[in-house]
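These notes are about the structure you will find just below.
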Amino acid sequence: MTVVVLIAVAEGLRGHLTRWMVEVAAGVFVGNPNARIRDRLWAVLSARVGDGQAIMIEPATNEQGWVVRTAGHDRWYPVDLDGLILIARPRR
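Residues in the sequence shown are numbered consecutively from 4, following my numbering.
Shown next, in the form of structure tokens:
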């Protein structure tokens with residue numbers, strides 16, 4: 004399963020994502036696209052996020068079973084701590 008969270012992005016970007024995933028809450032999308040579709044979706048999201056934020060959580064073969072991608076401004080970002088993915092806040 005793949006989860007995408009969009010914050011403060013254009014409505015058109017959210018509409019584009021609904022072609023492949025279901026919007027279960029405002030800006031939260033869930034679906035099961037294959038790896039090729041996920042990579043293409045991420046390319047579109049990261050290129051068109053503008054001043055907003057995009058987060059994609061997708062399956063992986065690691066201990067946690069998932070990885071995270073982030074794009075945008077003032078975003079939290081993933082940090083690998085000995086194989087454990089944690090999320091760090093940006094410093095202000």
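Glycine included, C-beta positions come from ideal geometry on N, C-alpha and C.
Does DSSP put residue i in a helix, in a strand, or in coil?
i	result
W45	helix
V29	It is Ala, not Val, that sits at residue 29 in the sequence shown. Three-state DSSP puts A29 in coil, outside helix and strand.
A38	helix
G86	coil
Per DSSP, what are the beta-bridge partners of residue i in this structure?
i	result
P1	Given that the chain is displayed from residue 4 to residue 95, the structure contains no residue 1 and the question cannot be resolved.
G53	Looking at the DSSP assignment, G53 forms no beta bridge with any residue, so it has no partner.
A91	Y80
I think residue i touches residue j, with their Cβ atoms under 8 Å apart; what is that distance to the nearest whole Å?
i	j	result
Q56	R22	Not quite, the Cβ-Cβ distance comes to about 21 Å (not below 8 Å), so this is no contact.
Any 3 or more C-beta pairs closer than 8 Å across the segment 6–13 and the segment 56–72: Yes, the segment 6–13 touches the segment 56–72.
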